[in-house]
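Undergrad: Numbering (the numbering used here), first residue to last: 1 to 452.
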Amino acid sequence: MKSIKELKKDLEKGLITSVELVEEAIKNHQNWLDKNAIASIHPKALEIAKTCDEERKKGNIKGSLHGIPIVIKDNILYQDGTITSCNSYAFHDFYPPYNASIIAMLENAGAILIGKANLSEFAYFMSDDKMPSGYGSMHGQVKHPFDEKIDPYGSSTGSAVAVKLGIVPGAIGTETNGLLMAPAYQTQIVSYKPTFGYVSKYGIIPISPTQDTAGPMAQTVYDCAMIMDAINQEDINDLDTHGLKRCSSFVKYIEAHKVKGNVGLLKLSNHAYSSEDEEVYQNAKQKLLNLGFNVKELVIEHPKLDNQSTLLIEFKYAMNQFLKGVKGYTPHQSLSDIIEFNKKHQERCLKYGQTILEASNQTDGDLKGNTYQKFRENLLKEASILENLMIEHDLISVAAPLWMGFAPIYGNPSVCIPEGIYHGLPKSMVFVGKKYHDHELLNLAHRYQMEQ
């Protein structure tokens, strides 16, 4: 399937209709059922596409995504007549009582949300007992799009696979700690994790109230910017979105500017780099030089980030709060209820255990307690290393041929750019920007991708 930018032009020229795009997406989904990327298809997707075509004929264009089919991750509440399961059998009968805030934003931009993408159960925060990426007790295992021996990584696996297979030109995933970057890296697509707070997390089945964010996945940085323009909004239901410095349009900024300055290429002294990593690193350096950037090569030691201690406490708190908000629409009223349900259906639900759920439930779930506050304070101090580096060296971005935990913990934006397959291994570059400077990061990443 073509890029969103290309499809938008084809729709404007009358070369294709939204009905045809949705029909193609559903056909592609059927052709790739074995990859298990999609959990459900919107029962009225074709009706919505027909309405989009009729609106276009009348000159009533809602926004830049008008008539474009995308999928959303199946932890984002959407009242499309299907369940929102988080790929967990514990939510096999959960029909959400409201839409996540970003649903209206996407629909107001004209996007056709044709279905929900599979994911790792509870966004890969269920078990540390060899649970595969992309697996869940509700819909099973998502498979890598072009080499099933490769781990799809992360939890936004279905969203990434759906884009790579051309089922849809774009998707929405979510990230807590690498859940956008990792599957994009492995499947060789682009993904963008915005500065924390730029996108509302209201109505997304949670892990962490301090790290969770939705973000776009697509073939190009430009397409990700198009999707982001639709969801980069304050939300009355999410106070973390309020009062932030924002770019009014990432697409317009990409088109009107060419950022200049310094880019840091990062190496970790305590990480073993393969020859393939070194080749990607050197290629990236040359591309940046070709684009006129000043490259600063930096070496740091990766601190041992203890993110699990904070996430376990946050998850119990956030899940219990979420379940209160959907009371009556699921029998579960607490994390304890989910754990007990899984035990009662252990043959289906506990193939890989639920050690993380149980460890979380053993915490006090108190975000105001001294234990949590101390964990969080120490974690932020360690995770601020990239932000501090960029300020110290006056950098637009730091980049490396691997993803790290700094950005999602500290709230920095990041972009994954595919670099290709090296001796059977997917390789990508991950660019991290300063908080609230997403426009500069996307501008840089767009130019970098176009140089390839």
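Glycine included, each C-beta is placed from N, C-alpha and C at the ideal position.
Is Asn-412 near the ligand SAM - that is, is its Cβ less than 7 Å away from at least one heavy atom of it?
TA: You won't find the ligand SAM in this model; it holds no ligand whatsoever.
Undergrad: Beta carbon of His-137, beta carbon of Cys-349: below 8 Å?
TA: Taking the first residue of the sequence shown as 1, we reach residue 137 at position 137. Taking the first residue of the sequence shown as 1, we reach residue 349 at position 349. For the record, residue 137 in the displayed sequence is Ser; it is not His. Closer than 8 Å, so yes.
Undergrad: With distances taken Cα to Cα, identify the nearest neighbour of Asp-223 among Pro-303, Lys-5 and Leu-379.
TA: Position 223 of the sequence shown holds residue 223. Distances from the CA of Asp-223 to each of Pro-303, Lys-5 and Leu-379 were compared; the closest alpha carbon is that of Lys-5.
Undergrad: Where in the region 226-284 do unbroken runs of the alpha helix (DSSP H), each at least 4 residues long, occur, reported from the N-terminal end onward?
TA: Listed in chain order, the complete alpha helix (DSSP H) runs (minimum 4 residues) inside the region 226-284 are 250-256.
Undergrad: Does the region 4-21 come close enough to the region 84-104 to have 3 or more Cβ pairs within less than 8 Å?
TA: no
Undergrad: State whether the region 298-317 contacts the region 206-220, with contact taken as three or more CB pairs (one from each stretch) at a distance under 8 Å.
TA: yes
Undergrad: Nearest to Ala-104 by alpha carbon, out of Ala-123, Ser-127, Lys-62 and Tyr-95?
TA: Start at 1 with the first residue of the sequence shown, and residue 104 comes out as number 104. The shortest Cα separation from Ala-104 among Ala-123, Ser-127, Lys-62 and Tyr-95 belongs to Lys-62.
Undergrad: Excluding the 5 residues preceding and the 5 following Thr-473 in the sequence, name in chain order all residues of the same chain whose CB lies nearer than 7 Å to its CB.
TA: The shown model of the chain, from 1 to 452, leaves out residue 473, and the question about it has no answer.
Undergrad: Expressed to the nearest angstrom, what Euclidean distance is found between the alpha-carbon atoms of Asp-277 and Gly-178?
TA: For this step, residue 277 is matched to residue 277 along the sequence shown. For this step, residue 178 is matched to residue 178 along the sequence shown. Between Asp-277 and Gly-178, the C-alpha separation is close to 19 Å.
Undergrad: Determine the closest residue to Glu-148 out of Ile-356, Gln-219, Asp-34 and His-437, with distance taken between C-alpha atoms.
TA: The sequence position of residue 148 within the sequence shown is 148, counting from 1. Ranking the options by Cα distance to Glu-148, first place goes to Asp-34.
Undergrad: What does the Cβ neighbour count give for Asn-36, buried or exposed, with the cut at 16 atoms within 10 Å?
TA: Looking up residue 36 in the sequence shown gives position 36. Flag for Asn-36 reads buried.
Undergrad: What residue does the beta strand (DSSP E) around Tyr-422 start on, and which one ends it?
TA: Here residue 422 is taken as the residue at index 422 of the sequence shown, counted from 1. 414-422 is the extent of the beta strand (DSSP E) around Tyr-422.
Undergrad: Alpha carbons only, please: which of Ser-101, His-66 and Glu-451 is nearest the one belonging to Gln-286?
TA: Taking the first residue of the sequence shown as position 1, residue 286 is located at position 286. Of the listed residues, the one whose Cα sits closest to Gln-286 is Glu-451.
Undergrad: Taking the C-alpha atoms as reference points, what is the distance between Tyr-448 and Leu-288?
TA: Within the sequence shown, numbered from 1, the residue matching residue 448 stands at position 448. Within the sequence shown, numbered from 1, the residue matching residue 288 stands at position 288. Between Tyr-448 and Leu-288, the C-alpha separation is close to 7 Å.
Undergrad: Leaving out the 5 sequence neighbours to the left and right, which residues in its chain are closer than 7 Å to Val-22 when beta-carbon positions are compared?
TA: Looking up residue 22 in the sequence shown gives position 22. Excluding sequence neighbours, Val-22 sits near Ala-45, Leu-46, Ala-49, Pro-69, Ile-112 and Ile-114.
Undergrad: Does DSSP classify Met-217 as helix, strand or coil?
TA: Counted from its first residue, the sequence shown places residue 217 at position 217. Strand.
Undergrad: Measuring straight from C-alpha to C-alpha, what distance separates Gly-154 and Ser-40?
TA: The sequence position of residue 154 within the sequence shown is 154, counting from 1. The sequence position of residue 40 within the sequence shown is 40, counting from 1. Distance between the alpha carbons of Gly-154 and Ser-40: 20 Å.
Undergrad: Which term fits Ala-256, buried or exposed, when burial requires 16 or more other beta carbons within 10 angstroms of its beta carbon?
TA: Here the question's residue 256 lines up with position 256 in the sequence shown. Exposed: under 16 other Cβ atoms inside 10 Å.
Undergrad: What separation, rounded to the nearest whole angstrom, lies between the Cα atoms of Asn-75 and Asn-342?
TA: Within the sequence shown, the letter at position 75 stands for residue 75. Within the sequence shown, the letter at position 342 stands for residue 342. Rounded to whole angstroms, Asn-75 to Asn-342 spans 18 Å at the Cα level.
Undergrad: Can you tell me which of Gly-365, Val-161 and Leu-444 puts its alpha carbon nearest to the alpha carbon of Gly-292?
TA: Locating residue 292 in the sequence shown gives position 292, counting from the first residue. Selected option, being the one with the closest Cα: Leu-444.
Undergrad: Buried or exposed for Lys-439, please, with buried defined as at least 16 other CB atoms from any protein chain shown within 10 angstroms of its CB.
TA: The count along the sequence shown starts at 1 and reaches residue 439 at position 439. What sits at residue 439 in the sequence shown is His, not Lys. Under this definition His-439 is a buried residue.
Undergrad: With distances taken from CA atoms, which of His-332, Glu-12, Gln-188 and Gly-166 is nearest Ser-3?
TA: Counting from 1 along the sequence shown, the entry for residue 3 is found at position 3. Among His-332, Glu-12, Gln-188 and Gly-166, the Cα nearest to that of Ser-3 belongs to Gly-166.
Undergrad: State yes or no: is the beta carbon of Gly-353 nearer than 8 Å to at least one beta carbon in chain C?
TA: In summary, chain C is missing from the structure at hand, where a single protein chain is found.
Undergrad: Please work out which residues of its chain come closer than 6 Å, Cβ to Cβ, to Ser-269, disregarding the five sequence neighbours upstream and downstream, and give them in chain order.
TA: In the sequence shown, residue 269 corresponds to position 269, counting from 1. Residues of the same chain with a CB within less than 6 Å of the CB of Ser-269, apart from the 5 flanking positions on each side, are Val-299 and Glu-301 in chain order.
Undergrad: Name the DSSP beta bridge partners of Ala-25, please?
TA: Numbered from its first residue, the sequence shown carries residue 25 at position 25. Paired residues: none, contrary to the question.
Undergrad: Which ranges would you report for the beta strand (DSSP E) in the region 125-201 if only whole runs of at least 3 residues count?
TA: Entirely contained in the region 125-201, the beta strand (DSSP E) runs reaching 3 residues are, in chain order, 170-175 and 190-193.
Undergrad: Cutting at 8 Å between CB atoms, please list the residues of its own chain near Lys-143, excluding the five before and the five after it.
TA: Indexing the sequence shown from 1 puts residue 143 at position 143. Around Lys-143: Asp-34, Lys-35, Asn-36, Gly-134, Pro-152 and Val-161.
Undergrad: Helix, strand or coil, according to DSSP, for Val-326 in the structure here?
TA: As a first step, residue 326 is located in the sequence shown; it is residue number 326 there, counting from the start. Of the three classes helix, strand and coil, the one that applies to Val-326 here is coil, per DSSP.
Undergrad: For Ile-409, tell me which candidate among His-393, Asn-232 and Asp-306 has the shortest Cα-Cα distance.
TA: Taking the sequence shown and counting its residues from 1, one reaches residue 409 at position 409. Answer by Cα proximity: Asp-306.
Undergrad: Return the first residue and the last residue of the alpha helix (DSSP H) that Phe-375 is part of.
TA: Indexing the sequence shown from 1 puts residue 375 at position 375. 370-383 is the extent of the alpha helix (DSSP H) around Phe-375.
Undergrad: With a CB to CB cut of under 6 Å and the five nearest residues on each side skipped, what residues in its chain are close to Asp-80?
TA: Reading the sequence shown from its first residue, position 80 is the one you call residue 80. Closer than 6 Å at the Cβ level, and outside the excluded window around Asp-80, lie His-42.
Undergrad: Can you tell me where the alpha helix (DSSP H) holding Pro-408 begins and where it ends?
TA: Position 408 of the sequence shown holds residue 408. Per DSSP, Pro-408 belongs to the alpha helix (DSSP H) from 406-410.
Undergrad: Rounding to the nearest angstrom, what Cα-Cα distance links Pro-426 and Pro-418 in this structure?
TA: Counting from 1 along the sequence shown, the entry for residue 426 is found at position 426. Counting from 1 along the sequence shown, the entry for residue 418 is found at position 418. Cα to Cα, the separation comes out at about 8 Å.
Undergrad: Inspect the CB distances between the region 385-400 and the region 427-435 and report whether three or more fall short of 8 Å.
TA: yes
Undergrad: Closest by CA to Glu-55, which one among Leu-77, Tyr-78 and Glu-12?
TA: Looking up residue 55 in the sequence shown gives position 55. The shortest C-alpha separation from Glu-55 is found at Glu-12.
Undergrad: In this structure, what does DSSP give as the bridge partners for Val-19?
TA: The residue given as residue 19 occupies position 19 in the sequence shown. None, per the DSSP bridge assignment.
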